[in-house]
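**Q**
In this note's numbering, the protein residues as written are 6 to 228.
(1) Is the segment 20-31 close to the segment 45-54, with three or more CB pairs under 8 Å?
(2) Who does residue 185 pair with in a DSSP beta bridge?
(3) If you draw a straight line from the C-alpha of residue 200 to the C-alpha of residue 149, how long is it?
(4) Can you have a look at residue 207 and say buried or exposed, based on whether 16 or more other CB atoms are within 10 angstroms of its CB?
(5) Using 8 Å for Cβ pairs, my map puts residue 153 next to residue 195. What's the rounded Cβ distance?
(6) Considering only C-alpha positions, which residue in the set 32, 215 and 59 is nearest to residue 118?
(7) Within the same chain, show all residues whose beta-carbon is closer than 7 Å to that of residue 81, passing over the 5 residues directly before and after it, in chain order.
(8) Identify, in the order they occur along the chain, each residue of the same chain with its Cβ nearer than 7 Å to the Cβ of residue 83, setting aside the five sequence neighbours on each side.
(9) Buried or exposed, going by whether 16 or more other CB atoms sit within 10 Å of the CB of residue 167?
(10) Measuring straight from C-alpha to C-alpha, what distance separates residue 191 and residue 40?
(11) For residue 131, is the classification buried or exposed, using 16 other Cβ atoms within 10 angstroms of its Cβ as the cut-off for buried?
(12) Pairing CB atoms from the segment 121-129 with CB atoms from the segment 91-99, are three or more of them under 8 Å?
(13) Are residue 14 and residue 34 touching if we call contact CB-CB under 9 Å?
(14) Along the chain, where does the beta strand (DSSP E) that runs through residue 33 open and close?
(15) How many angstroms separate the CA atom of residue 222 from the CA atom of residue 38?
(16) Could you have a look at residue 85 and say whether DSSP puts it in helix, strand or coil?
(17) Use the C-beta contact count for residue 110: other C-beta atoms within 10 angstroms, 16 or more gives buried, fewer gives exposed.
(18) Excluding the five sequence neighbours on either side, which residues of its own chain have a C-beta within less than 6 Å of the C-beta of residue 6, listed in chain order?
(19) Give the DSSP bridge partners of residue 205, in chain order.
(20) If you reduce the DSSP assignment to three classes, tell me which class residue 58 lands in.
(21) Leaving out the 5 sequence neighbours to the left and right, which residues in its chain are closer than 8 Å to residue 16 when beta-carbon positions are compared?
(22) How would you call residue 198, buried or exposed, if buried means at least 16 neighbouring beta carbons within 10 angstroms?
(23) For the alpha helix (DSSP H) containing residue 24, name the first residue and the last one.
(24) Among the residues of its own chain, which have a CB less than 8 Å from the CB of residue 155, if the five just before and after it don't count?
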């Protein structure tokens, strides 16, 4: 696979090294020319000097031939802008890292569903350790063509999972309200601000993304 990273921080370098070992093609974009020079002497991958949030820079790494664009700079605004630019240029999948949790809802509203908040991930991991729980790797649960899809509710009207009229092989499994995890069933009433999590077949992802990027879910069919 071909993976492009924006930002040459520790997470990027650690991940890139492992991907390179597995034979993947890696490109790292960073605005720090000296940083690129130092890393290029020890890493077997491509480097590009420039601002990864600029369209002309991202054009240089062949968006349509890239499987993943990881936006991992230490600036949330740059990551969000780079993600939006990357999506518009045709990157197959864009992953956005944000340090400030208040940007999470904004990312979902903008259709940036592959958003990670490192502090939350670490906090949940430590909480599980304290409580004695076992952390199950997602890759061991989500196999074959199964995928997760999430979206934020923007509509003011109340509605249930049944009202969503999801395509076949798609089901609401849980939701988050004010950051709190809650189970969901067909009669659960959702409201503005809820983040809904759907388990679905991968073939439904383009349809789901297109639907919730353009219009609110209540009372409308995804068909």
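Note that the Cβ used here is the ideal one computed from N, Cα and C, for glycine as well.
**A** For this structure:
(1) Flag = yes, the segment 20-31 and the segment 45-54 touch.
(2) Position 180 of the chain shown, counting from 1, holds the residue named residue 185. Beta-bridge pairing links residue 185 to 182.
(3) Your numbering for residue 200 matches position 195 in the chain shown. Your numbering for residue 149 matches position 144 in the chain shown. Computed Cα separation, rounded: 25 Å.
(4) For this step, residue 207 is matched to residue 202 along the chain shown. Counting other Cβ atoms within 10 Å of its Cβ, residue 207 stays below 16 and is therefore classed as exposed.
(5) Locating residue 153 in the chain shown gives position 148, where the first residue counts as 1. Locating residue 195 in the chain shown gives position 190, where the first residue counts as 1. The Cβ separation is near 17 Å, so there is no contact.
(6) Residue 118 sits at position 113 when you count from the first residue of the chain shown. Of the candidates 32, 215 and 59, the one whose C-alpha sits nearest the C-alpha of residue 118 is 215.
(7) Residue numbering aside, residue 81 sits at position 76 when the chain shown is read from its first letter. Correct list, in chain order: 103, 104, 105 and 108.
(8) Taking the first residue of the chain shown as position 1, residue 83 is located at position 78. Excluding sequence neighbours, residue 83 sits near 58.
(9) The sequence position of residue 167 within the chain shown is 162, counting from 1. By the Cβ-count criterion, residue 167 is exposed, with fewer than 16 other Cβ atoms from all chains shown falling within 10 Å of its own Cβ.
(10) Here residue 191 refers to the residue found at position 186 of the chain shown. Here residue 40 refers to the residue found at position 35 of the chain shown. Answer to the nearest angstrom: the Cα atoms are 52 Å apart.
(11) As a position in the chain shown, residue 131 is number 126, starting the count at 1. Taking all protein chains in view, the Cβ of residue 131 is surrounded by fewer than 16 other Cβ atoms within 10 Å, so the residue is classified as exposed.
(12) They do not touch, by the three-pair rule.
(13) Looking up residue 14 in the chain shown gives position 9. Looking up residue 34 in the chain shown gives position 29. In this structure, residue 34 does not lie closer than 9 Å to residue 14 by Cβ.
(14) Against the chain shown, residue 33 aligns to sequence position 28. From DSSP, the beta strand (DSSP E) with residue 33 extends over 30-35.
(15) Sequence index remark: in the chain shown, residue 222 carries index 217 (1-based). Sequence index remark: in the chain shown, residue 38 carries index 33 (1-based). Confidence is the limiting factor: at residue 222 the pLDDT is only 40, short of 50, which leaves the residue's position unreliable, though a coordinate-based value still follows. Spanning the two alpha carbons is a distance of roughly 45 Å.
(16) By 1-based counting over the chain shown, the position of residue 85 is 80. It is helical.
(17) One-based indexing of the chain shown puts residue 110 at position 105. Counting Cβ neighbours within 10 Å, residue 110 comes out exposed, since fewer than 16 surround it.
(18) For the purposes of this step, residue 6 is taken as the residue at position 1 of the chain shown. Excluding five sequence positions before and after residue 6, the CB atoms of its chain that fall closer than 6 Å to its own CB belong to 29 and 72, given in chain order.
(19) Taking the first residue of the chain shown as position 1, residue 205 is located at position 200. According to DSSP, which records beta bridges pairwise, residue 205 is partnered with 152 and 175.
(20) For this step, residue 58 is matched to residue 53 along the chain shown. Coil at residue 58, not helix or strand.
(21) Counting from one through the chain shown, the residue named residue 16 turns up at place 11. Short of 8 Å from the beta carbon of residue 16, and not among the five residues preceding or following it, lie these beta carbons of its own chain, in chain order: 77, 102 and 123.
(22) Your numbering for residue 198 matches position 193 in the chain shown. Exposed, by the Cβ-count rule.
(23) Position 19 of the chain shown holds residue 24. 15-26 is the extent of the alpha helix (DSSP H) around residue 24.
(24) On the chain shown, residue 155 is found 150 positions in, with the first residue counted as 1. Correct list, in chain order: 113, 118, 200, 201, 202 and 203.
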